[in-house]
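Notes follow once the structure below has been shown.
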Amino acid sequence: METTEIEQILMKSLPLAEVYVQGENAHYTVIVVSDELASLPRVKQQQTIYAPLMPHFSNGDIHALSIRTFNQEKWQRERVLNGF
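Going by my numbering, the first residue of the sequence shown is number 25, and it counts up by one from there.
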């Protein structure tokens, strides 16, 4: 599965300002920027992000997914500090 496919699925399905996906061989890291999602408890964030991707877990396109969630303010700081 291409990283751009995952980005498109998440952008279509969720209220995101930005999304970035890296990875290969069914192991991916997702960076999600959303004030709405960032305000949720971590478990609810993960459930919300996993939901539109579940068919791809079921068929093996995605085996592992690491998730980092930021609100827009924290994302701007992260970009500056870590060069994203």
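Cβ atoms here follow ideal geometry from the backbone N, Cα and C, with glycine treated the same way. This one's a predicted model, so the numbers in the text were calculated from it and none came from an experiment.
Between Thr93 and Leu61, the C-beta gap is smaller than 8 Å, which places the two residues in contact.
In the DSSP assignment, Gly47 forms a beta bridge with Tyr52.
Contact annotation, Val57 with Leu40: C-beta distance approximately 7 Å; criterion of less than 8 Å satisfied. Counting of Cβ neighbours within 10 angstroms places Val54 among the buried residues, the total reaching 16 or more.
According to the DSSP assignment, Ala88 belongs to the beta strand (DSSP E) that extends over Ala88 to Phe94.
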